[in-house]
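A short write-up of the structure that comes next.
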Amino acid sequence: MSSRQANPDDRPVLQVGATGHLGGLILRELQSRGKKVRALVRPGSDASRLPNAVEVVRGDLLDPASLRGATAGVSAIVTSAIGYSQRREGDSLQTDREGNRNLVDAAKRAQVPRFVLLSILACDQAPDVPHFWAKKETEDYLAQQGVPFVSLRPGAFLYAPEGGFGQMIRQGLEQGQVFGMTPEGIRITYIAPSEVARAIALAVDEPRALGQKIDLGSDRPLSGPEYAALIGKLLARPMRVAQMQGGRGSRDDDMVAMFRFFQTGKYVADTRRQAELFGPVPKVEDAARQMLAGLGLL
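Residues in the sequence shown are numbered from 48 upward in steps of one, following the numbering used here.
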């Protein structure tokens, strides 16, 4: 047997969140760049749709012992896992707080060379938005523990979600309305999930990204009326804005706080560093077209 040490590039990338929508896009981007992928999948989650080439390791961010084997011998960690969206029964912000701290601790113990965190645009300016602030706390913890990291902070996703919410968006568009999040004069940044996935995969190897918190977005922010006009132009029909409404419960309270934060005008990306590291910033029209195509409307 050769005594030559394995090339670090031959080691797998540990991906957390690979079974989600965005996770699937990230996985394809990593594989297209020749990366071996080890996916951390929670017990009970369906991993059958993952490609055969992916090494599946069962574990949970809230179970620190399960992370030790998963993080051993990897060249990087990429995580898009979230709990606040409550995609599965029992999910909560505990994943975004305690779970991410456990993953950082495991990365430090295993001396992982790079930790790529999917964060949120302007999270450090939004202490009243729980899931935003949880990302800021994870960024702080990475720095405190001395784990080499890259934090990517995308704006609002324009995508075709599965399930009831996606159906609601489609029905709204068919009835001539978009769900706006800001009034006239207040703009926010939108981005396509595919662009986020591309940047995350590139951040695994980009040496200039290390230690940075990088905004991700499209070429320009939009107000609610501007967003409606853009969608109307693409669909060749007039669109009106229906303001998003929150309900009751911790998740809904979180969303209401987020919409309130949007009114401050602070949710706007500075895409200069994004362009320097990851190439030309895509137009917001591209993100909108992808969303409409995913909904079967283009």
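Built from N, CA and C at the ideal position, the CB exists for glycine as well.
Quick caveat, the model's predicted, so the values are computed rather than measured.
Would Gly296 be called buried (16 or more neighbouring beta carbons within 10 Å of its own) or exposed? Unreliable positioning characterises Gly296 in this predicted model, as indicated by a pLDDT of 46, which lies under 50. A coordinate reading is not provided.
Please give me, in chain order, every unbroken run of the alpha helix (DSSP H) with length at least 4 that falls completely inside the region 156-231. Counting only runs of 4+ residues, the alpha helix (DSSP H) found wholly inside the region 156-231 occupies 177-192 and 210-221, in chain order.
Residue from Ile261, Val101, Arg287 and Val151 with nearest C-alpha to Glu221: Arg287
Looking only at C-alpha atoms, which of Arg156, Ala256 and Gln192 sits nearest to Ala112? Arg156
State yes or no: is the C-beta of Leu61 within less than 8 Å of the C-beta of Ala100? Contact flag unset, no.
Considering Cα atoms alone, identify which of Val151, Pro174 and Thr229 is closest to Pro160. Among Val151, Pro174 and Thr229, the Cα nearest to that of Pro160 is on Val151.
Any 3 or more C-beta pairs closer than 8 Å across the region 189-197 and the region 162-171: yes
Using 8 Å as the threshold, is the C-beta distance between Gln337 and Ser241 below it? The answer is yes: Cβ separation under 8 Å.
Determine the extent of the beta strand (DSSP E) in which Leu87 is found, giving its start and end residues. Val84 to Val88
Nearest to Val43 (by Cα), restricted to the options Gly219, Glu273, Leu74 and Arg217: One cannot answer for residue 43 here, as it falls past the ends of the chain, which runs 48 to 345.
Cβ neighbours of Arg80 in the same chain (closer than 7 Å, five flanking residues each side left out): Ala248
Could you name the residues of the same chain whose beta carbon sits closer than 8 Å to that of Phe309, not counting the 5 residues immediately before and after it, in chain order? Residues of the same chain with a CB within less than 8 Å of the CB of Phe309, apart from the 5 flanking positions on each side, are Met228, Thr229, Ile233 and Ile235 in chain order.
Strictly by DSSP, which residues pair up with Leu263? Pro201
For the candidate residues Val176, Gln78, Gly106 and Gly193, whose alpha-carbon lies nearest to that of Thr311? Val176
What's the C-alpha gap between Thr126 and Gln290? For the pair Thr126 and Gln290, the Cα-to-Cα distance works out to about 31 Å.
Endpoints, the alpha helix (DSSP H) within which Gln337 is located: Annotation for Gln337: the continuous alpha helix (DSSP H) segment containing it runs Val331 to Gly341.
If you drop the 5 nearest sequence neighbours on each side, which residues of the same chain put their C-beta closer than 7 Å to that of Arg144? So the list reads Ala181 and Glu184, once near-sequence residues are dropped.
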